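Asker: Number 67 in this note's numbering belongs to position 66 of the sequence shown; there are no gaps in the numbering.
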Amino acid sequence: MLETDGRRLWDSLMAMAEIGATANGGSSRLALSGEDAAARALFVEWAEAAGLTIARDAIGNLFARRAGREDRAPVILGSHLDTQPKGGRFDGVLGVLAALEAVRTLNDQNIETLAPLEIANWTNEEGARFTPAMLGSAVFTGAMPLDDGLARTDADGICVADSLAAIDQAGDTPLARELDAYFELHIEQGPVLEDNGHTVGVVTGGQAIRWLDVQISGSAAHAGTTPMPARRDGMFAAAEFVRVLEYRVSETPGLLATVGEMHVPNGSRNTIASDLHFTLDLRHPQDGVVDTAIDDLRDLFDGIARRRGVEYSLSVHWRSPALPFNHDCVARVREAAAALECDWQDIISGAGHDAFNLARHCPTAMIFIPCADGLSHHEAESIEPEHAKIGADVLLNAVLARAGRA
Numbered sequence: 002m003l004e005t006d007g008r009r010l011w012d013s014l015m016a017m018a019e020i021g022a023t024a025n026g027g028s029s030r031l032a033l034s035g036e037d038a039a040a041r042a043l044f045v046e047w048a049e050a051a052g053l054t055i056a057r058d059a060i061g062n063l064f065a066r067r068a069g070r071e072d073r074a075p076v077i078l079g080s081h082l083d084t085q086p087k088g089g090r091f092d093g094v095l096g097v098l099a100a101l102e103a104v105r106t107l108n109d110q111n112i113e114t115l116a117p118l119e120i121a122n123w124t125n126e127e128g129a130r131f132t133p134a135m136l137g138s139a140v141f142t143g144a145m146p147l148d149d150g151l152a153r154t155d156a157d158g159i160c161v162a163d164s165l166a167a168i169d170q171a172g173d174t175p176l177a178r179e180l181d182a183y184f185e186l187h188i189e190q191g192p193v194l195e196d197n198g199h200t201v202g203v204v205t206g207g208q209a210i211r212w213l214d215v216q217i218s219g220s221a222a223h224a225g226t227t228p229m230p231a232r233r234d235g236m237f238a239a240a241e242f243v244r245v246l247e248y249r250v251s252e253t254p255g256l257l258a259t260v261g262e263m264h265v266p267n268g269s270r271n272t273i274a275s276d277l278h279f280t281l282d283l284r285h286p287q288d289g290v291v292d293t294a295i296d297d298l299r300d301l302f303d304g305i306a307r308r309r310g311v312e313y314s315l316s317v318h319w320r321s322p323a324l325p326f327n328h329d330c331v332a333r334v335r336e337a338a339a340a341l342e343c344d345w346q347d348i349i350s351g352a353g354h355d356a357f358n359l360a361r362h363c364p365t366a367m368i369f370i371p372c373a374d375g376l377s378h379h380e381a382e383s384i385e386p387e388h389a390k391i392g393a394d395v396l397l398n399a400v401l402a403r404a405g406r407a
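(1) Does any CB atom of chain D fall closer than 7 Å to the CB of A238?
(2) DSSP three-state call for G137: helix, strand or coil?
(3) DSSP on L118, reduced to helix/strand/coil?
(4) To the nearest angstrom, how far is it from the Cα of V104 to the Cα of D276?
(5) Does the stretch 140 to 155 come into contact with the stretch 350 to 363, if we say contact requires no fewer than three beta-carbon pairs (one atom in each stretch) closer than 8 Å?
(6) Going by C-alpha distance, which of E380, L315, R178 is nearest I77?
(7) State buried or exposed for I112, treating a residue as buried only when at least 16 other CB atoms are found within 10 Å of its CB.
(8) Buried or exposed: which applies to Q287, given that a residue is buried once 16 or more other Cβ atoms fall within 10 Å of its Cβ?
(9) Tell me, to the nearest whole angstrom, how far the beta carbon of L136 is from that of N125; I am working on the premise that it is less than 8 Å.
(10) Could you check if H285 is buried or exposed, using at least 16 other CB atoms within 10 Å of its CB as the buried criterion?
(11) Check S164 in the structure and name its three-state DSSP category.
(12) Would you list, in sequence order, the uninterrupted alpha helix (DSSP H) runs of no fewer than 4 residues that lie entirely inside the stretch 297 to 371?
(13) Beta strand (DSSP E) containing H388: first to last residue?
(14) Could you check what DSSP says for S251 in three-state terms: helix, strand or coil?
(15) Would you mind stating whether G172 and D58 have Cβ atoms separated by less than 7 Å?
(16) Would you say the stretch 327 to 342 touches the stretch 363 to 378, given that touching needs at least three Cβ pairs under 8 Å?
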């Protein structure tokens, strides 16, 4: 079994972390920002030094290709370089730089593969600047039309198309082209591996995700002159919505709910809140469980709205179905982990990843390594250097088994 250079991988991770470094040890590289452009440029510099050729598609997905003995569909490995506004140093970037380290190791050993290899950096995986998340891979696989992706805007009204042009990242590599397989290494972003004492997670699939928007319309009035029984208070209605949501979710094992944003337009200290909007993230390994929960929430919210004299709407902003990963690709990961004598376990992905979109386009698998306390999307996100190396070793050997050694 081949082993990567753990020190070289760690040095690359630390060098990349300097781009958009935050005061508390994290990284801030929003998609298609100046920091993202600098990260892409550094990756291209390293990739070209490793003898790879660079291409981009119309949504800015970046590909670094290593030719194979045979001219056929490539095996893709990678992840993303963009981060949350105050994110960590490893979410996404580990997958891209571990892929680069795998290629560097093949170069060091003078090993040629039958299938070409390509390292992918997918555009706007995080969804922090443009929504939805995994936008680049969605456009690549045809899950989102290109024009729709290019038209998405950030909080300042700047669209993806203009952002791509500003940093010269749009290209002409075909979308939805044939791929042999896709492999992605990522930090777990949860505590399961660490709690179980395992260093590798063989990801068998991803859970269902629904992003919902809840809009509440009450009536604004003076805080000091309106009796409580006469109020149509949007904030108190929202509070009850959220309380009932927590209660409903607690009744279903494995169901997760998060209210991550709440907005009160034209809010004032001494005015009863009228219109409010909050986001709702629901997740479970089974689509049916999530869909049933949404139906139940509509019924519960209906009763609250009637009693409080407010109106509301609940709409699906984004839907990512649960899906299993490819049996053969998952088996390659298991075999690599076992041959390397890793402490490993099967695991379901709780977070969304570009691999979800790719799994609907080509055979796909993922590899997880632990992160300290399961913490991610945070400046304190942390991993052990030896875990990064082990993950890269599993990635390399799984990919080599799939691509074929010439």
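Just so you know, even glycine gets a beta-carbon here, dropped at the ideal spot from N, CA and C. In this text, all values refer to a predicted model and were calculated from it rather than measured experimentally.
Answerer: Per the coordinate set shown:
(1) Any reference to chain D falls outside this structure, which holds one protein chain only.
(2) helix
(3) Residue state, collapsed to three classes: strand.
(4) 53 Å
(5) yes
(6) When E380, L315, R178 are compared, the shortest CA-CA separation from I77 is found for R178.
(7) exposed
(8) exposed
(9) 4 Å
(10) buried
(11) S164: helix per DSSP, three-state reduction.
(12) 328 to 340, 355 to 360
(13) Unbroken run through H388 is the alpha helix (DSSP H), 386 to 404; no beta strand (DSSP E).
(14) Taken through DSSP and simplified to helix, strand or coil, S251 comes out as helix.
(15) yes
(16) yes
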